[in-house]
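There are 2 protein chains.
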Amino acid sequence: MEQSTSEKILDIAQSRIIAGGYNGFSYADISDAIGIRKASIHHHFPTKAELVSALVGRYTGQVKSGLGGVLEQIPQPAAQLDAYVGHWQKCIADASLPFCMCAMLASEIQMLPPDVASLVRGHFEYLARWLETVFDAGARHNVFRLNASPEAHAQIFMASVHGAMLSARALDKPELFAAVIGPQVAALKA
Amino acid sequence: MEQSTSEKILDIAQSRIIAGGYNGFSYADISDAIGIRKASIHHHFPTKAELVSALVGRYTGQVKSGLGGVLEQIPQPAAQLDAYVGHWQKCIADASLPFCMCAMLASEIQMLPPDVASLVRGHFEYLARWLETVFDAGARHNVFRLNASPEAHAQIFMASVHGAMLSARALDKPELFAAVIGPQVAALKA
DNA sequence: TTACGTCTACCAACTAGTAGGTAGTTAAAT
DNA sequence: ATTTAACTACCTACTAGTTGGTAGACGTAA
Chain A
8 MEQSTSEKIL DIAQSRIIAG GYNGFSYADI SDAIGIRKAS IHHHFPTKAE
58 LVSALVGRYT GQVKSGLGGV LEQIPQPAAQ LDAYVGHWQK CIADASLPFC
108 MCAMLASEIQ MLPPDVASLV RGHFEYLARW LETVFDAGAR HNVFRLNASP
158 EAHAQIFMAS VHGAMLSARA LDKPELFAAV IGPQVAALKA
Chain B
8 MEQSTSEKIL DIAQSRIIAG GYNGFSYADI SDAIGIRKAS IHHHFPTKAE
58 LVSALVGRYT GQVKSGLGGV LEQIPQPAAQ LDAYVGHWQK CIADASLPFC
108 MCAMLASEIQ MLPPDVASLV RGHFEYLARW LETVFDAGAR HNVFRLNASP
158 EAHAQIFMAS VHGAMLSARA LDKPELFAAV IGPQVAALKA
């Protein structure tokens, strides 16, 4: 349960970035939220760019171990995809993580510090490759019927997921995520 | 060619918002860009919230007349959809409007001034309804094969479009938009 | 005259970031 | 065993620059 100060800083920063993007939070916000002085945050993360780089690094690390674990622990491609979709469905439904932090940052990628931008780009590349391997395996085992390459399906699916998150947020209807992604998954399993 | 100062202000604000969102621009930015003092911008738009409200109002007005015109001038639902998709494909390819401003703002909707937030929400609702009418007409004329309700397809398609924009931006590959949306359109026309 | 658009000059609040100090911990050297 | 040194985490106090926003003057065109 014991959480280090720098972890707390990253947690707050993450929730603020998910709500308002890179320019949507300040050192003062974090300071207020965890009851520490602004200067102390600079002790842990000298600059804002370094703070967000560390945060995106932590995030992508969690994603990689999470999705890597799915591949290891779940043999069936269809169930792997369900695990991925189910994770987001749960996060959005209970509002614990109502938006992908990297998707948020990607929308402002043009004005992000270069280090952050390339980490965000890396996340998109990793996720696309992960989906590609799942679709490829599924097609080979005849559990997915693809009408295009696994790579193309991966890009299409990733876009649907991010778009569904956005619609759910814009229209303030969390259930819209499942309504959009469900049919998408069903069509693949045909 | 003569453009009013307030139109110039809105133009600059729009390009800045598309790049970095609501917090991604300031009165000083606009001031520098069009060679006018900050205080003069406040004369046209007293507060930032009013400026962005006016901007989103202008944007949604353009969208409504544009999409309304498509329905009037193009009888075939398939061609109507092509017109919509083609518009974005061109905007993204030539980088003239590489992202939907309302999609950008929707991602930060939680921290937007309430007036702006509801205008953004309205845009999502309008676009979903427009797509729904196109899909409904297409299904009735047997040019679209839908495996769910027109409303569901509208939400799915809208999400794909926004997600495709995001992927194209994140991976810095404008051609990804067409690569994601093309198959989506093709599948409908089956 | 009146109204408009623009200006200079200002404001308080906030931004990221720095300088320098204090207290407590750890690890070696005496 | 005790002193020394380095390190960590935090603090107060500050800086220079930016933020959105205001007050009031100026010239110009109707």
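From first to last, the protein sequence lines are chains A and B.
The first sequence begins at 8 in the numbering used here and counts up by one.
The second sequence begins at 8 in the numbering used here and counts up by one.
We put the CB at the ideal spot given by N, CA and C, even for glycine.
Pop quiz: Leu74 of chain B and Trp137 of chain B are said to be a contact at Cβ under 8 Å. What is the actual Cβ separation, rounded to whole angstroms?
Stepping through the second sequence from its first residue, residue 74 of chain B is reached at position 67. Stepping through the second sequence from its first residue, residue 137 of chain B is reached at position 130. Indeed they touch by this definition, with Cβ atoms about 5 Å apart.
With distances taken Cα to Cα, identify the nearest neighbour of Ala161 of chain B among B:Ile116, B:Ala177, B:Gly170, B:Glu139.
As a working mapping, residue 161 of chain B is identified with position 154 in the second sequence. Cα-wise, what sits closest to Ala161 of chain B is B:Glu139.
With respect to the alpha helix (DSSP H) encompassing Gly73 of chain B, which residues constitute its N-terminal and C-terminal limits?
By 1-based counting over the second sequence, the position of residue 73 of chain B is 66. Per DSSP, Gly73 of chain B belongs to the alpha helix (DSSP H) from 55 to 80.
When you compare only the Cα positions, how much space is there between Met8 of chain B and Lys15 of chain B?
Along the second sequence, read from residue 1 onward, the residue named residue 8 of chain B stands at position 1. Along the second sequence, read from residue 1 onward, the residue named residue 15 of chain B stands at position 8. Because Met8 of chain B sits at a pLDDT of 48, beneath the cut-off of 50, its placement in the model cannot be relied upon, and the following sentence gives the value as read from the coordinates. So the alpha carbons of these two residues sit roughly 12 Å apart.
Could you have a look at Ile43 of chain B and say whether DSSP puts it in helix, strand or coil?
Counted from its first residue, the second sequence places residue 43 of chain B at position 36. In the structure shown, Ile43 of chain B sits in coil (DSSP, three-state: anything other than H, G, I, E or B).
In the DSSP assignment, find the unbroken alpha helix (DSSP H) run with Tyr91 of chain B in it and report its ends.
Looking up residue 91 of chain B in the second sequence gives position 84. Where Tyr91 of chain B is concerned, the enclosing alpha helix (DSSP H) stretches over 84 to 100.
What's the gap between the Cα of Ser156 of chain A and the Cα of Leu195 of chain A?
Within the first sequence, residue 156 of chain A is the residue found at index 149, counting from 1. Within the first sequence, residue 195 of chain A is the residue found at index 188, counting from 1. Their Cα atoms are separated by approximately 13 Å.
Taking one C-beta from the segment 165 to 177 of chain B and one from the segment 107 to 118 of chain A each time, how about it: are there three or more such pairs within less than 8 Å?
yes
So if I threshold CB-CB distances at 9 Å, which residues from the segment 98 to 111 of chain A count as touching chain B?
Pro105, Phe106, Cys109, Ala110, Met111
DSSP state of Val141 of chain B, grouped into three classes?
One-based indexing of the second sequence puts residue 141 of chain B at position 134. Here Val141 of chain B sits in helix by DSSP.
Whose Cβ in chain A lies nearer than 9 Å to the Cβ of Val127 of chain B?
For the purposes of this step, residue 127 of chain B is taken as the residue at position 120 of the second sequence. Ala177, listed in chain order.
Does the CB of Gln21 of chain A have a neighbour CB from chain B at under 7 Å?
Here residue 21 of chain A refers to the residue found at position 14 when the first sequence is read from its first residue. So, not an interface residue.
Measuring alpha carbon to alpha carbon, tell me which of B:Ser47, B:Ala56, B:Val141 ends up nearest Asp122 of chain B.
Indexing the second sequence from 1 puts residue 122 of chain B at position 115. If we check each option's Cα against that of Asp122 of chain B, B:Ala56 comes out closest.
Contact under 7 Å by Cβ, Ala20 of chain A with Leu62 of chain A:
Taking the first residue of the first sequence as position 1, residue 20 of chain A is located at position 13. Taking the first residue of the first sequence as position 1, residue 62 of chain A is located at position 55. Yes, the Cβ-Cβ distance between Ala20 of chain A and Leu62 of chain A is below 7 Å.
For Ala35 of chain A, which option in A:His49, A:Gly28, A:Ala26, A:Ile25 has the closest C-alpha, if you only look at C-alpha atoms?
Counting from one through the first sequence, the residue named residue 35 of chain A turns up at place 28. Of the candidates A:His49, A:Gly28, A:Ala26, A:Ile25, the one whose C-alpha sits nearest the C-alpha of Ala35 of chain A is A:His49.
For Cys109 of chain B, which three-state DSSP category applies?
The sequence position of residue 109 of chain B within the second sequence is 102, counting from 1. Three-state DSSP puts Cys109 of chain B in a helix.
Which of the three DSSP states, helix, strand or coil, is assigned to Ala185 of chain A?
The sequence position of residue 185 of chain A within the first sequence is 178, counting from 1. In this structure, Ala185 of chain A counts as helix in the three-state DSSP scheme.
Assuming Leu112 of chain B and Ile24 of chain B form a contact by the criterion Cβ under 8 Å, report the distance between their Cβ atoms to the nearest whole angstrom.
Here residue 112 of chain B corresponds to residue number 105 of the second sequence, with the count starting at 1. Here residue 24 of chain B corresponds to residue number 17 of the second sequence, with the count starting at 1. So it is a contact: roughly 7 Å between Cβ atoms.
So is His130 of chain B buried or exposed if we call it buried at 16+ other beta carbons inside 10 Å?
On the second sequence, residue 130 of chain B is found 123 positions in, with the first residue counted as 1. Per the 10 Å Cβ criterion, buried.
Contact set between Gly42 of chain A and chain B, taken where Cβ atoms lie within less than 7 Å:
Residue 42 of chain A sits at position 35 when you count from the first residue of the first sequence. Neighbours of Gly42 of chain A on chain B: none; closest Cβ ~22 Å, over 7 Å.
Beta-carbon contacts of Val168 of chain A that lie in its chain and below 7 Å, excluding the five residues immediately before and after:
If you number the first sequence from 1, residue 168 of chain A lands on position 161. Correct list, in chain order: Trp95, Ile188.
Close beta carbons around Ala146 of chain A, own chain, < 7 Å, minus the five adjacent residues each side:
Reading the first sequence from its first residue, position 139 is the one you call residue 146 of chain A. Within the same chain, Ala146 of chain A has close Cβ partners Leu153, Pro157.
Tell me the residue span of the alpha helix (DSSP H) that contains Glu9 of chain B.
As a working note, residue 9 of chain B is residue 2 in the second sequence. Here Glu9 of chain B belongs to no alpha helix (DSSP H), and DSSP marks it neither H nor E.
Closest by C-alpha distance to Ala159 of chain B, when choosing among B:Ile81, B:Val141, B:Cys109, B:Ile99:
Translated into positions along the second sequence, residue 159 of chain B becomes position 152. It is B:Val141.
Going along the chain, which residues of the segment 137 to 163 of chain A sit with their C-beta nearer than 8 Å to a C-beta in chain B?
Asn154, Ala155, Ala159, Gln162, Ile163
Buried or exposed for Pro82 of chain B, please, with buried defined as at least 16 other CB atoms from any protein chain shown within 10 angstroms of its CB.
As a working mapping, residue 82 of chain B is identified with position 75 in the second sequence. Pro82 of chain B comes out exposed.
If contact means a Cβ-Cβ distance below 8 Å, which residues of the segment 170 to 196 of chain A contact chain B?
For the segment 170 to 196 of chain A, the set of positions with a beta-carbon nearer than 8 Å to some beta-carbon of chain B reads Gly170, Ala171, Leu173, Ser174, Arg176, Ala177, Leu178, Asp179, Leu183, Ala186, Val187, Pro190, Gln191, Ala194 in chain order.
Residues of its chain near Ala124 of chain B, where Cβ-Cβ distance is below 6 Å and the 5 sequence neighbours each way are ignored
Counting from 1 along the second sequence, the entry for residue 124 of chain B is found at position 117. For Ala124 of chain B, where only same-chain residues beyond five positions count, the Cβ hits under 6 Å are Ile116.
Gly93 of chain A burial status per 10 Å Cβ neighbour count (16 or more: buried)
The residue given as residue 93 of chain A occupies position 86 in the first sequence. Exposed.
Secondary structure at Lys15 of chain B, three-state DSSP: helix, strand or coil?
Translated into positions along the second sequence, residue 15 of chain B becomes position 8. Helix at Lys15 of chain B.
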